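Protein chains in written order, with the numbering used here: chain A, 70 to 404; chain B, 70 to 404.
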């Protein structure tokens, strides 16, 4: 098994809440392991129901789904805990982070040659590898680096952990750090680090054991942001996107932005989505630009699939200023 | 304007419920007209919010969305009324069917040459053209045809109206009819007619003014159904699809099918979706086949986008029989 799904915690949860039926919500990359959960729950005579919907983060907990099928327990796999979601008292959610069983020491050792010129390293990781944080830290220290890390302002998150939309832990040590290292599959987390801190990031992907600097990705993203913000400054009409996912639901901010846009004689309408994607937005293609109040990563990571500018909350101020001058990358993921 | 959005009804609705904020839910093909509603509602000083999610039918009314944004009024455009949905007493929904302004007489006159060999015609239409039903009926009668029609067992539907999953009106006159005529955009409704009745259908699309028989489409669908049912008979494991849309939510049937499959030593798990699509199902691709308890049209119209057999509720019995013998096309859309 590639991940530790902590069956002992699942067993405890089942006993604690006398679970007979449970909704299993797996992060998208982990849905392929559904049979593991079927088998495990069969041993305890528990009926599993699988959530088939996308699951992007701790902001996206299937509380409504569970209610609709009449269960009051959820096993949510792949994230550390709730992100801006209040779990109601009559709903019990077990979070299984899905710690990766991959030993990342060899990958980190491989990468060390690339960072010889640096001394002060900011070390951060996705939840999947956070249990190896101290090992990596030790390895870096043995090799003469000074390692900085911190905990997010979201106290549900672990020390050294970052998620796509919360990089506050990394920002805290920014002044001390010459180079960040991001330990996570793909480079989604590393891009977050680079945008939030504006510093150089070495991305180490434990699944491929490849490491690379994110400079060229960041450069491209900045060019895209500046281009789209400039276009949005000229836009006459705006669609303001609101997500109905509890952890992404920012209707008050959307209302405020709408009001302010109307004040400067732009048209603006609010569009609410359960799940946003570029194809759905095409149905509202009469707007010149969009403001995204949902997950800020949609506007960044899917930018090439949108046909029009999609700005995040932190970028709206440039519309009112009428200029992209002094653009800061942190605005790309501020919300 | 291509459609009559009945602004007088909207005005009445606004006054009746003292509407200040309203959720506008447009059927997918009609979302492009959102500006019409913005403009109209601005006149009454009403704040519109647009639903960006897909809207496939009267089974899919954005009651949850409205609740989440704190509004108790919905203007639902493009369908006749609720389909297997109970609208709660504290939610007010105005249905605007969106009657097409296209004059379909010329298209029907054009088509008459193609049906000269027939005498007894079953005439049915989508809601968009139902207001011209009597005109078409008269035209056919003037040309020597005998016209049959009826009303659905769903009394919310109009006389002569069919929807993708409810063809009961057409079935009622089946014995009297030699040929059905379906008046609707595309051929979605016509395919429903053909499957439900097993009779020949002339499809008249008022938007393109083209008419054609659906024989070859039906033949292809039957071949696909037989192929996939045969594969499903051999399947060892089944994913049972449940939609959380109120009008498509059939968890009890899903539970029953699961139980019966387990009894004949097949594996089966229930997967719940807010919105089903082939890409989401790929996350659960370890199943050999799927049973769809949601909208039956998903399994028929999207068949080529699924990688595995997806059977509808009416087709499950063939798994238990172990044979596709005596397959009836009505099973394809029974639920």
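Quick reminder that beta carbons are idealized off the backbone N, C-alpha and C, glycines included.
Since this is a predicted model, take the numbers as computed values, not measurements.
Same chain, Cβ closer than 7 Å to residue i, neighbours up to 5 away in sequence not counted
i	result
residue 347 of chain B	371, 374 and 375
residue 247 of chain A	187, 188 and 189
residue 393 of chain B	295, 298, 299 and 387
residue 109 of chain B	76 and 79
residue 308 of chain B	338, 340, 353, 356 and 359
residue 327 of chain A	309, 337 and 339
residue 221 of chain A	230, 235, 237 and 238
residue 301 of chain A	358, 378, 380 and 388
Any C-beta of chain B under 8 Å from that of residue i
i	result
residue 276 of chain A	no
residue 378 of chain A	no
residue 122 of chain A	yes
residue 148 of chain A	no
residue 331 of chain A	no
residue 248 of chain A	no
residue 197 of chain A	no
residue 389 of chain A	no
residue 241 of chain A	no
residue 338 of chain A	yes
residue 320 of chain A	yes
residue 134 of chain A	yes
residue 281 of chain A	no
residue 341 of chain A	yes
residue 97 of chain A	yes
residue 81 of chain A	no
residue 317 of chain A	no
residue 326 of chain A	no
Spatial neighbours of residue i in its chain, beta-carbon cut-off 6 Å, leaving aside the 5 residues before and after
i	result
residue 297 of chain B	378
residue 132 of chain A	160
residue 227 of chain A	199
residue 268 of chain B	249
residue 146 of chain A	95, 99, 165 and 167
residue 276 of chain B	254
residue 389 of chain B	none
residue 93 of chain A	106, 117, 119 and 144
residue 86 of chain B	142 and 161
residue 407 of chain A	As shown, chain A starts at 70 and ends at 404. That puts residue 407 of chain A outside it, with no answer to give.
Run of the alpha helix (DSSP H) containing residue i, from where it starts to where it stops
i	result
residue 266 of chain B	257 to 266
residue 104 of chain A	103 to 112
residue 156 of chain B	Per DSSP, residue 156 of chain B belongs to no alpha helix (DSSP H) and is neither H nor E.
residue 80 of chain A	76 to 85
residue 348 of chain B	347 to 350
residue 237 of chain B	237 to 241
residue 401 of chain B	399 to 402
Under the three-state DSSP convention, the category residue i falls into
i	result
residue 122 of chain B	coil
residue 148 of chain A	coil
residue 299 of chain A	helix
residue 208 of chain B	helix
residue 203 of chain A	helix
residue 365 of chain A	helix
residue 96 of chain A	coil
residue 274 of chain A	strand
residue 178 of chain A	helix
residue 73 of chain A	strand
residue 372 of chain B	helix
residue 220 of chain B	coil
residue 322 of chain A	helix
Segment limits, beta strand (DSSP E) that includes residue i
i	result
residue 214 of chain A	Careful: residue 214 of chain A lies outside any beta strand (DSSP E) and carries neither H nor E.
residue 379 of chain A	379 to 381
residue 387 of chain A	Per DSSP, residue 387 of chain A belongs to no beta strand (DSSP E); it is in the alpha helix (DSSP H), 385 to 390.
residue 253 of chain B	That residue, residue 253 of chain B, is in no beta strand (DSSP E); it is neither H nor E in DSSP.
residue 132 of chain B	Element bounds for residue 132 of chain B: not the beta strand (DSSP E) but the alpha helix (DSSP H), 132 to 137.
is_contact[residue i, chain A] using C-beta, thresh 8 Å
i	result
residue 107 of chain B	yes
residue 156 of chain B	no
residue 104 of chain B	yes
residue 117 of chain B	yes
residue 285 of chain B	no
residue 114 of chain B	no
residue 289 of chain B	no
Near the ligand PLP: residue i beta-carbon under 7 Å from a heavy atom
i	result
residue 188 of chain A	Of ligands this structure carries none, so the ligand PLP is not represented either.
Residues near residue i in its chain [Cβ-Cβ closer than 8 Å; skip 5 each side]
i	result
residue 342 of chain A	310, 311, 312, 313, 349 and 363
residue 316 of chain B	126, 127, 128, 129, 130, 151, 152, 153 and 154
residue 361 of chain A	310, 345, 367, 368, 379, 380, 381 and 382
Report task. Please name the residues in the stretch 158 to 173 of chain A whose beta-carbon is closer than 7 Å to at least one beta-carbon of chain B, in chain order. Result -> Taking 7 Å as the Cβ-Cβ cut-off, the stretch 158 to 173 of chain A has no residue approaching chain B.
Query raised in the report: Any residues in the stretch 345 to 368 of chain B with a beta carbon nearer than 8 Å to a beta carbon of chain A? Which ones, in chain order?
Result: With the criterion set as a beta carbon lying under 8 Å from some beta carbon of chain A, the members of the stretch 345 to 368 of chain B are 345, 349, 350, 352, 353, 354 and 355, in sequence order.
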